[in-house]
Each structure stands twice: as structure tokens, then as C-alpha cells.
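Residue numbers (full-length UniProt numbering): 1 to 331. Take a look at the structure set out below.
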Ligand SMILES: Nc1ncnc2c1ncn2[C@@H]1O[C@H](COP(=O)(O)OP(=O)(O)OP(=O)(O)O)[C@@H](O)[C@H]1O
Ligand SMILES: [Mg+2]
């Protein structure tokens, strides 16, 4: 289909089964990303952001059995149900990724140049010689000075910010159409965070990539994304264009996250305005709205059934809240 988004996820549900537990960290979530667009996925720890993005690509740790249902279409191709050897063709090539754990991304005992070049050999079928040239180009692309010298260094010889630039270079080695960046700035100092975010945005535009930016920080959403999906306890709470959701948040959880963004006028040392309470554990069944126990607006109806994502009067914004959705049709 000509107008089909690059990535189109609908009613994605993920069940994880380990020897000890069965959980559903992703429960009927839908969203899409168009070429050149940035979607931020935001939510507290444990809300399912990482699993939702990596389970459909077969990137779950060993010891976990993964069951997927719903649909994940990339460039028109359904990924759910594809055999592993087919999914592997997308990983690191047309879909690049940056993992949440920066330590796992680089091999500590191999030189940086080799690690980047290997990706180019693997994904673009380059000769070792051509791949080495590509590694040099990539290191320049991610804004590293003295690139030739850096290629012969080991990861521990670089600062956190430089290491993250190398991780980004590796993610770009296969010339991806979509980059999934899982908390790419969380492990960095505040000033370096801003530089890395700027670099990612700049690369996204220059390479006309789509980007899924996973974060728990509404400030990052405001600075980088076109659209946002707010996750709460395995489900979507609100989704829509950033300029609408941040200016006029409708879900009480989105309001709480925005209220927690530190403001310039906050006095130094003032208390962090986090959300009171904690999210539910996923092991126990949730009947009503999962946010109701923390919601200052909750009414009896909120405990009855889990609210579906529903289009608001502004049809580009969807909200899963019984109070906001009263009288509106389900999406
Ligand atoms: N390897 C695993 N084995 C068992 N359960 C898991 C595993 N990974 C994730 N889960 C379950 O899935 C839930 C969602 O995890 P996920 O890593 O997607 O959260 P997240 O939103 O990315 O959180 P964070 O912001 O901390 O990265 C967890 O709360 C946990 O119950
Ligand atoms: Mg995560």
C-alpha cells in the first residue's frame, strides 16, 4: 500500500513465560511510524517499552519463551509469525537498534574500528577493506574528532559520550530505514545527553530515517519527537502528535508525567515532582483502569473494565480513560 506507514503495530500483545512466571508486559498496543518521523514511547519503568519493541524482532534474552499476537508490519511485511531466519534479515539492517544497556552494546576486547566494520561486512556484504572505509565514514558521521585514531582504540579508552556515538555508528552501519533507540541518553551526564539527542535528531533528518525513541523522560519527548505514545502498565494510555499531547494532555497519567518535568523556574534543590504511588505488578490480573488507584479523578466506573484507546474529538489524539472517553466511540 502506497500510504502505509513504515512500521505499523496493531493490537500487539506479548506474553513472556519463564520457568517461574507468566506475565503480559504488552497488552493490545497500537501505533505507527512513518518514514522520516520520530515516535517517542514514554512510560515508567516496567511499563513494557523495551519488550514491545524488541520481542517482535526476536531479541529477548534466552530462558524466556515469547508469545506474540496482533500485527507488526514493517515495509508492508508482517513480522509476527515469520521464521527466525527471515526476521534476522531485518535486524541491524533495515531496522537498526540501540540497546538500553550501554555496556552490552560493545565488545570490551575488540577495537572499535573492527566492531563497526564487521556490521558493514555482515549487513552490506562489504569486503573487509570497503567495510573499514565505511567504519571511518560512520565515525565521522557521528561527529567524532580524530576518527582514524579512534578506530584503533578499545571501548574502555573512550568517555561515555564517545562510546554512545560509537554505539550509534554501529546501529547505522546497515543503513537502517528505522532506528529503535532504547533510552539512548539515560546513562549519560546531563550535558552529554543533550548532545547525543541532538546528534540523533540530526542523523534522523540527514538520513531520512524513522526513529522510535524510548524514554521515561517527557523532556526528551518534547525536544525530539513528532508523535508520542504514553504507556502505562503494558497498555497505551494516550497517543498523538507531540504538539497536541504536551500542550493539552488528556489522560491523567500524561498530565502527571508532564507535571514531573523539572522547570527552569524551580528553585535549586526543590523537591522532585514525581507521580505519587507505584504502577501495578503485571503478575496480578487488572480489571479496571490500571491507573485508577493513582488517579485523582477516578470514579467508580474506572474499576469496571479496562478502557480501550479511543479517538478524541481531535481525531489524531487517542486516549484510554473512561472519564475522558465518556460517550466517544472506541478506536
Ligand atoms: N527477561 C524477562 N523475563 C521475565 N519477564 C520480563 C523480562 N523482561 C521483561 N519482563 C517483564 O516485562 C515487563 C516490562 O519490561 P520492559 O523491560 O519492557 O519495561 P520498560 O518499560 O522497558 O522498563 P524500563 O524503563 O525499566 O526499561 C517487566 O516489568 C517484567 O515483568
Ligand atoms: Mg526498557
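For each residue, glycine too, the CB sits at the ideal point set by N, CA and C.
So if I measure from each beta-carbon to every heavy atom of ligand 2 and keep distances below 7 Å, which residues remain?
Listed by chain position, these are 49, 50, 100, 182, 183, 214.
Quiz item: Cβ atoms of residue 12 and residue 227: under 8 Å apart, would you say?
Solution: no
Quiz prompt | residue 317 vs residue 240 beta-carbon contact at 8 Å | solution = yes
Please report the Cβ distance between residue 302 and residue 311, rounded to the nearest whole angstrom; I am assuming they are in contact, meaning their Cβ atoms lie under 8 Å.
The Cβ separation is near 20 Å, so there is no contact.
### Query
Is DSSP giving residue 401 helix, strand or coil here?
The requested residue 401 is not part of the displayed model; the chain covers only 1 to 331.
**Item:** Segment limits, alpha helix (DSSP H) that includes residue 162
**Value:** 160-172
* To do: Please state whether DSSP places residue 276 in a helix, a strand or coil.
  => coil
**Nearest candidate by alpha-carbon position, reference residue 43, set 78, 84, 254, 129** = The shortest Cα separation from residue 43 among 78, 84, 254, 129 belongs to 254.
_With H, G and I counted as helix, E and B as strand and the rest as coil, what does DSSP make of residue 119?_
helix
Could you round the C-beta distance between residue 418 and residue 174 to whole angstroms and report it? I think they count as a contact, below 8 Å. The structure shown does not extend to residue 418, since the chain spans only 1 to 331, so no value can be given for it.
Whether residue 58 touches residue 87 by CB criterion (8 Å): yes
Does the Cβ-Cβ distance between residue 138 and residue 169 come in under 8 Å? yes
* Does the beta carbon of residue 216 fall short of 7 Å from some heavy atom of ligand 1? -> yes
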